[in-house]
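In UniProt numbering, the protein residues as written are 1 to 129.
The next block holds one structure in the form of structure tokens; read it before the comments.
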Amino acid sequence: MERFGLSRNHSSLRTLPLQGVVLDPYSDRVLSPSDSILAEVGGIVGIDCSWNVAKPTFSKLKLRGLEPRKLPPIVPANPVNSGKIGKLTTAEAIASALMICQQSDQAVAIMSIFKWGPAFLEMNSPTWE
């Protein structure tokens with residue numbers, strides 16, 4: 001996504017925004033449209049890691065100012081985890097968060113990078129309506 005000018009990568013947690021939403025599949029709170037202002041002000045942070053190490057990675061994160069949110073059940077379309085509810089790529093997770101926060105133009109731009117991107121948006125459209 002960064003290569004296409006659609007995101008900014010951070011090599012250190014210290015460089016993350018001081019406010020916003022961090023997508024955390026183990027959070028108690030589900031991302032909702034009411035989080036839109038928080039996302040607009042500080043951004044949406046997605047942690048890019050393997051699902052094999054996700055639980056220990058997220059349990060160690062201490063991100064001041066960022067509000068952890070999980071996504072509602074969403075069906076991935078990526079070839080590796082297609083159909084496995086919740087096993088999203090970082091791009092699918094960010095696009096989902098953008099759709100929930102009513103920033104569909106950005107979500108469509110991200111998903112247009114991938115052959116399966118439009119199918120992902122279409123199959124999950126009831127979730128965002």
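The beta-carbon is built from N, C-alpha and C at its ideal position, and this holds for glycine as well.
The structure displayed is predicted, hence computed values, not measured ones.
Buried versus exposed call for residue i [16 or more other C-beta atoms within 10 Å across all chains shown]
i     : result
Val41 : exposed
Pro76 : buried
Between the CA atoms of residue j and residue i - distance to the nearest angstrom
i           : j      : result
Asp105      : Gly46  : 18 angstroms
residue 211 : Val80  : Since the displayed the chain opens at 1 and closes at 129, residue 211 lies outside it and no answer follows.
Gly117      : Pro25  : 21 angstroms
Phe120      : Lys87  : 13 angstroms
Pro73       : Pro126 : 11 angstroms
residue 135 : Leu98  : A question about residue 135 goes unanswered here, because the residues of the chain that appear run from 1 up to 129.
Glu122      : Thr90  : 18 angstroms
Ala107      : Ser82  : 19 angstroms
Cβ-based neighbour list, residue i, same chain, cut-off 8 angstroms, excluding 5 preceding and 5 following
i           : result
Gln102      : Pro33 and Ser36
Gly20       : Leu38, Ala39, Val41, Gly42, Gly43, Ile44, Val45, Gly65, Leu66 and Glu67
residue 139 : Because the chain spans 1 through 129 in this model, residue 139 falls outside it and cannot be assessed.
Ser112      : Pro118
Lys55       : Tyr26
Contact set for residue i: own chain, Cβ-Cβ below 6 angstroms, skip 5 residues either direction
i     : result
Val22 : Val45, Leu63, Leu66 and Pro68
Cutoff 7 angstroms; reference residue i; Cβ partners in own chain excluding five residues on either side
i      : result
Lys84  : Pro76
Asp48  : Thr90
Asn78  : Thr89, Glu92 and Trp116
Trp128 : Met99 and Ile100
Beta-bridge partners of residue i, as assigned by DSSP
i     : result
Leu23 : Gly46 and Arg69
Just to confirm the assignment: which complete beta strand (DSSP E) runs, minimum length 3, are found wholly within the segment 32-117?
44-46 and 66-69
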